[in-house]
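Structure record follows, encoded as structure tokens.
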Amino acid sequence: MKKIVLIIAAMLIGATASLAQDLSGLARFDVSKSSIENKWRGVMLTLGLSQGVPWRVFTLDEPRRLVADFREVDWGDATGLSLDQTDRAGDVRFGQFQPGWSRMVVDLKAPLKLDAAEMRIDEDTGLAELQVDLALVSSAEFSETSGQPETPGWWLPPAAEVAKARMRQSGQEELTVVIDPGHGGIDPGAEHGDQTEKVLMLAMARELKDHLVRTNRMRVVLTRDDDSFVPLEMRVAIARHAEADLFISLHADALGQGQAHGATVYTLSDTASDKASAALAERHDRDDLLAGVDLRGQDDTIANVLMDLAWLENQPRSQAVANAIVLALDQAGTPLHKVPRRSAGFSVLKAPDIPSVLLEVGFLSSTKDRERLLDPEWRANTAAAITSAILSWSQTDAAIGDLVRQ
Ligand SMILES: [Zn+2]
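If you want my numbering, it's the position in the sequence shown, counting the first as 1, plus 26.
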């Protein structure tokens, strides 16, 4: 008779689910042994895996969702449609969360509290099955029992490391530029056919890095150099940790309305320059929410950032970089959006002491932009233009810095 090993996780909300430390390696997801089913007063989720791995499960509110993390699962070709959905639970996303961690997110269409969760491992075959039981409760009870099991912001460097004030770049020393390829992992960003924003922007970031490094004037750090999900706040933390002189986030979003095309450069603002910019900034924050990161409540609001003196000095510098990039792209013949300079409350631009811009190189929703994004010659041209913009900005910025200090 087969023996079944039970690994039962502590499901007290607020406590990290216990991890089975002796388990390691990459498990494969088996969609044929997985299901989401309604049961009496709840939902049962079953996931088949080729072996046991450490895991944890928790729920989050607004929007309601179930998050399951594994160390580490190969999802294969699984997409949200691989699992049947019910009227209570559906819209499933799979992906890599952090290097070494895989995540599944299930949108909950009803307040479903975590009732029990356990991973069973068959001792003979080694096959594992995670079973999660969810029970219908009131909205209030769901809110009360939902939350991240860890200290929020666990990925941030210790406060001491970020506390020291940044020296304004002098135009003489090596410039540290942090390039942030938008989205990644479980968050693909905009999609069109086989093309995803996360893949295109990683390629573009690597190419831009090559251009910048070749000037022998810059050190370049990427916020991600693979297909990982990196929370927005972590991207800012990486820039601060690298002691960045400049932060550039690269995106190619899809914009619903009209025939929008061309490049746009954004800076941070508490009041968005227009509705579309506000919607875009909100959507990027929402991507984090959907991936199971909930930073609301402990995120510095922009209002607070605006009070910061460092930000007051920094904001004109961000605007100067943005203007320099727009000018250089225009001179290089890169099509610009009809309003190429905009502002909105992008969380990724919130480092108060690092000049930060978000560059929408084009819209994945535009046929022409897409063709350009896939054209190596156009990308090289664009990277060269951004490089020259950064070089000229750093000189002007250093000269202004000298004036400020006098
Ligand atoms: Zn984007």
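Where is the CB? At the ideal position from N, CA and C, for every residue including glycine.
| query | result |
| --- | --- |
| Stretch pair the segment 154-161 + the segment 342-352: three plus CB contacts closer than 8 angstroms | no |
| Proximal residues to S303 (C-beta, below 6 angstroms), its chain only, five neighbours per side dropped | R368 and A370 |
| Within 8 angstroms, strictly: CB atoms of T385 and S275 | It should be noted that the sequence gives Leu, not Thr, for residue 385. Yes. |
| Whole-angstrom C-beta distance between A411 and T360, which should lie under 8 angstroms | 6 angstroms |
| Whether Q124 touches S299 by CB criterion (8 angstroms) | no |
| Entirely enclosed beta strand (DSSP E) segments - the segment 277-304, minimum 3 residues | 289-294 |
| Contact check, R97 vs V79, beta carbons under 8 angstroms | yes |
| Boundaries (first-last residue) of the alpha helix (DSSP H) holding P342 | L335 to Q357 |
| Within 8 angstroms, strictly: CB atoms of G152 and Q77 | yes |
| Top-ranked residue by Cα proximity to A348, from G74, D423, A136 and H237 | D423 |
| Residues near M244 in its chain [Cβ-Cβ closer than 8 angstroms; skip 5 each side] | E200, L201, T202, V203, L238 and I416 |
| Residues that DSSP places opposite A94 in a beta bridge | V83 and M130 |
| Close beta carbons around R396, own chain, < 7 angstroms, minus the five adjacent residues each side | H218, Q221 and L390 |
| Outcome for V246 when other beta-carbon atoms lying within 10 angstroms are tallied against a minimum of 16 | buried |
| Same chain, Cβ closer than 6 angstroms to A7, neighbours up to 5 away in sequence not counted | Here the chain has residues from 27 to 432 only, and residue 7 is not among them. |
| Proximity test, H310 beta-carbon vs ligand 1 heavy atom, cut-off 7 angstroms | yes |
| Straight-line Cα distance separating E144 from R82 | 10 angstroms |
| Which listed residue (T241, I212, A307 and F55) has its alpha carbon closest to that of V319 | I212 |
| Proximity test, E223 beta-carbon vs ligand 1 heavy atom, cut-off 7 angstroms | yes |
| C-beta atoms of I380 and A270 nearer than 8 angstroms | yes |
| Same chain, Cβ closer than 6 angstroms to R137, five either side skipped, listed in chain order | The question names Arg, but residue 137 in the sequence shown is Pro. Once the five neighbours on either side are set aside, the close Cβ partners of P137 are V163, S165 and F168. |
| Three-state secondary structure (DSSP) of P453 | Nothing can be reported for residue 453: it is not among the residues displayed for the chain, which extend from 27 to 432. |
| Proximity test, A166 beta-carbon vs ligand 1 heavy atom, cut-off 7 angstroms | no |
| Residues surrounding ligand 1 [beta-carbon distance to nearest heavy atom under 5 angstroms] | G208, G215, H277 and D279 |
| Through-space distance from R129 to P178, alpha-carbon basis | Annotation note: pLDDT 49 at P178 (below 50); position unreliable, no value reported. |
| Enclosing alpha helix (DSSP H) for T72 [first to last residue] | Careful: T72 lies outside any alpha helix (DSSP H), inside the beta strand (DSSP E) at G68 to L75. |
| Cβ-Cβ separation, D117 to Q111 (assumed contact under 8 angstroms), whole Å | 7 angstroms |
| F389, DSSP secondary structure in three states | coil |
| Reference E308, options L353, N242, A354 and L375, closest by Cα | L375 |
| Assigned exposure category for V291 - 16 Cβ within 10 Å defines buried | buried |
| Spatial distance of L75 from D133 (CA atoms) | 21 angstroms |
| Contact set for A354: own chain, Cβ-Cβ below 8 angstroms, skip 5 residues either direction | A411, I412, S414, A415 and S418 |
| 7 angstroms CB neighbourhood of D356 in its chain, flanking five on each side removed | L362 |
| Residue from H209, L306, V383 and A336 with nearest C-alpha to G252 | A quick correction: the sequence has Asp, not Gly, at residue 252. Of H209, L306, V383 and A336, the residue nearest in Cα terms is H209. |
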